[in-house]
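Each residue of the sequence shown is one higher than the last, beginning at 1 in my numbering.
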Amino acid sequence: MRKSAGYTQAQLADKLDIKRSLVGAYEEGRAEPKLTTLVNFAKLFDITLDDLITRDLSDPNTQKDSVAKGGGKLRVLAITVDEQQRENIELVPYKASAGYLNGYADSEFIEDLPRFKLPMLGTGGTYRAFEISGDSMLPIASGTVIVGRFIEDWSTIKDGTPCIVVSQKEGVVFKRIFNKIKDAAVLRLHSDNPVYSPYEIGVEDVIEIWEAKSYISSSFPIADLSLDKLSSIVLDLQKEVQKLKKVE
Numbered sequence: 001m002r003k004s005a006g007y008t009q010a011q012l013a014d015k016l017d018i019k020r021s022l023v024g025a026y027e028e029g030r031a032e033p034k035l036t037t038l039v040n041f042a043k044l045f046d047i048t049l050d051d052l053i054t055r056d057l058s059d060p061n062t063q064k065d066s067v068a069k070g071g072g073k074l075r076v077l078a079i080t081v082d083e084q085q086r087e088n089i090e091l092v093p094y095k096a097s098a099g100y101l102n103g104y105a106d107s108e109f110i111e112d113l114p115r116f117k118l119p120m121l122g123t124g125g126t127y128r129a130f131e132i133s134g135d136s137m138l139p140i141a142s143g144t145v146i147v148g149r150f151i152e153d154w155s156t157i158k159d160g161t162p163c164i165v166v167s168q169k170e171g172v173v174f175k176r177i178f179n180k181i182k183d184a185a186v187l188r189l190h191s192d193n194p195v196y197s198p199y200e201i202g203v204e205d206v207i208e209i210w211e212a213k214s215y216i217s218s219s220f221p222i223a224d225l226s227l228d229k230l231s232s233i234v235l236d237l238q239k240e241v242q243k244l245k246k247v248e
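Shown next as structure tokens:
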């Protein structure tokens with residue numbers, strides 16, 4: 001749950017008002033938290049104390065039980081880790097996007113996905129990669145892999161943020177989000193390609209949101225070298241030459 005919320009051990013320790021070393025001890029099973037700490041933990045993650053103590057929250061069947069929090073859905077993400085217990089980035093190919101709608105909380109489905117690492121992303125948060133299809137987000141080409149960081153609290157999303165949105169009706173889409181949760185409990189999704197009209201989706205239909213942080217593509221963007229663009233470049237060069245002559 002700490003990892004799904006994007007907290008480091010130090011950040012969680014600050015929120016629970018305990019030492020960071022204690023968080024590590026709890027996670028490794030070397031110590032057990034006091035009742036007051038458990039109560040604070042349950043409040044922080046908006047779950048009941050009974051569920052925290054008696055239920056296996058790493059069980060995929062339990063993960064499907066979502067708790068509303070700030071417009072988002074709090075649950076334990078199914079993830080994979082390497083030999084050093086560091087999280088991988090799982091890749092959801094376009095052909096597997098339909099299956100992801102049913103398998104997003106299934107640890108076996110997630111384990112079967114390809115996985116990789118991008119060291120430049122750092123260690124804060126949980127990341128997943130999605131292959132997109134179509135031309136709605138040009139110049140990001142179809143077939144590009146978008147790497148996103150999991151967003152727990154959707155109410156914090158700023159207008160214009162590019163995100164992977166996973167929903168039952170739309171599937172996996174890459175759009176810019178305009179946040180209307182507070183006013184109408186909806187998200188307005190915009191394409192960068194003006195040919196596509198924006199549309200709204202209710203938060204109750206949304207499964208996951210991943211903020212785009214990086215992308216991987218085998219297609220390089222084509223420079224805009226239209227006649228107007230070339231003329232503008234020539235005029236700018238002429239102005240620079242004139243400035244240099246005046247200085248001399």
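Where a beta carbon is used, it is the ideal one built from N, C-alpha and C, also for glycine.
A quick note: this is a predicted structure, and the numbers were derived from the prediction, not measured.
Give, in chain order, every unbroken run of the beta strand (DSSP E) that is at least 3 residues long and sits entirely within the segment 95-177.
Runs of the beta strand (DSSP E) inside the segment 95-177: 127-131, 145-150, 161-167.
Quick one: what's got a C-beta closer than 6 Å to A96's C-beta in the same chain, skipping five residues either side?
Here residue 96 refers to the residue found at position 96 of the sequence shown. Once the five neighbours on either side are set aside, A96 has no close Cβ partner at all.
Taking all protein chains shown into account, decide if V234 is buried (16 or more other Cβ within 10 angstroms of its Cβ) or exposed.
By one-based count along the sequence shown, residue 234 stands at place 234. When all chains shown are included, V234 counts as exposed.
Give me, in chain order, the residues of the same chain whose beta-carbon lies closer than 7 Å to that of K117; leave out the 5 immediate sequence neighbours on both sides.
Here residue 117 refers to the residue found at position 117 of the sequence shown. Taken in chain order, the residues that qualify are N88, I89.
Identify the continuous alpha helix (DSSP H) that holds E240 and give its terminal residues.
For this step, residue 240 is matched to residue 240 along the sequence shown. Here the alpha helix (DSSP H) through E240 covers 227-247.
According to DSSP, which residues form a beta bridge with R188?
Within the sequence shown, the letter at position 188 stands for residue 188. BP columns for R188 point to F178, E200.
If you draw a straight line from the alpha carbon of V81 to that of I146, how long is it in whole angstroms?
Translated into the one-based positions of the sequence shown, residue 81 becomes position 81. Translated into the one-based positions of the sequence shown, residue 146 becomes position 146. Roughly 20 Å between the two C-alpha positions.
What's the call for F220, buried or exposed, on a 16-neighbour Cβ count within 10 Å?
Sequence index remark: in the sequence shown, residue 220 carries index 220 (1-based). Exposed, because fewer than 16 other Cβ atoms sit within 10 Å of the Cβ of F220.
Where DSSP assigns a beta bridge to K81, which residues make up the other side?
On the sequence shown, residue 81 is found 81 positions in, with the first residue counted as 1. Checking the sequence, you will find Val at residue 81 rather than Lys. The partner list for V81 (beta bridge, DSSP) reads E87.
If you draw a straight line from the C-alpha of T161 to the C-alpha of A212, how long is it?
As a working mapping, residue 161 is identified with position 161 in the sequence shown. As a working mapping, residue 212 is identified with position 212 in the sequence shown. Approximately 8 Å between the Cα atoms of the pair.
Please classify S214: does DSSP put it in a helix, a strand, or coil?
On the sequence shown, residue 214 is found 214 positions in, with the first residue counted as 1. Strand at S214.
If you reduce the DSSP assignment to three classes, tell me which class V39 lands in.
Against the sequence shown, residue 39 aligns to sequence position 39. V39: helix per DSSP, three-state reduction.
In terms of alpha-carbon separation, which member of G29, L44, E32 lies closest to D14?
Sequence index remark: in the sequence shown, residue 14 carries index 14 (1-based). The option with the nearest alpha carbon to D14 is L44.
According to DSSP, simplified to helix, strand and coil, what is I209?
Taking the sequence shown and counting its residues from 1, one reaches residue 209 at position 209. Three-state result, I209: strand.
Keeping to the same chain, check which residues put their C-beta closer than 7 Å to that of P93; ignore five residues upstream and five downstream.
Residue mapping note: residue 93 aligns to position 93 of the sequence shown, counting from 1. The answer, listed in chain order, is E131.
Are there 16 or more other CB atoms within 10 angstroms of the CB of S66, so buried, or fewer, so exposed?
As a position in the sequence shown, residue 66 is number 66, starting the count at 1. In this prediction, S66 has a pLDDT of 37, which is less than 50 and means its spatial position is unreliable; nothing more can be read from the coordinates.
Does the distance from the CB of Q9 to the CB of G24 come in under 7 Å?
Taking the first residue of the sequence shown as position 1, residue 9 is located at position 9. Taking the first residue of the sequence shown as position 1, residue 24 is located at position 24. Cβ atoms of Q9 and G24: closer than 7 Å.
Can you tell me where the alpha helix (DSSP H) holding D17 begins and where it ends?
Position 17 of the sequence shown holds residue 17. From DSSP, D17 is part of no alpha helix (DSSP H); its letter is neither H nor E.
Looking at the secondary structure, which residues open and close the alpha helix (DSSP H) in which D50 lies?
Numbered from 1 along the sequence shown, position 50 holds the residue referred to as residue 50. Start and end: 49-54.
Which term fits K64, buried or exposed, when burial requires 16 or more other beta carbons within 10 angstroms of its beta carbon?
Residue 64 sits at position 64 when you count from the first residue of the sequence shown. Annotation note: pLDDT 38 at K64 (below 50); position unreliable, coordinate value reported separately. Exposed: under 16 other Cβ atoms inside 10 Å.
Whose C-beta lies closer than 6 Å to the C-beta of E200 among residues of the same chain, with five residues either side of it excluded?
The residue labelled residue 200 in the question sits at position 200 within the sequence shown. Counting only Cβ-Cβ distances below 6 Å, and skipping sequence neighbours, we find V186, R188.
Between C163 and the rest of its own chain, which residues show a CB-CB distance below 8 Å, the 5 nearest in sequence each way excluded?
Your numbering for residue 163 matches position 163 in the sequence shown. So the list reads G148, I151, I157, F174, K175, R176, I177, I209, W210, E211, A212, once near-sequence residues are dropped.
Kindly list the residues whose CB is nearer than 6 Å to the CB of L138, restricted to its own chain and excluding five residues on each side of it in sequence; keep chain order.
Locating residue 138 in the sequence shown gives position 138, counting from the first residue. Within the same chain, L138 has close Cβ partners N193.
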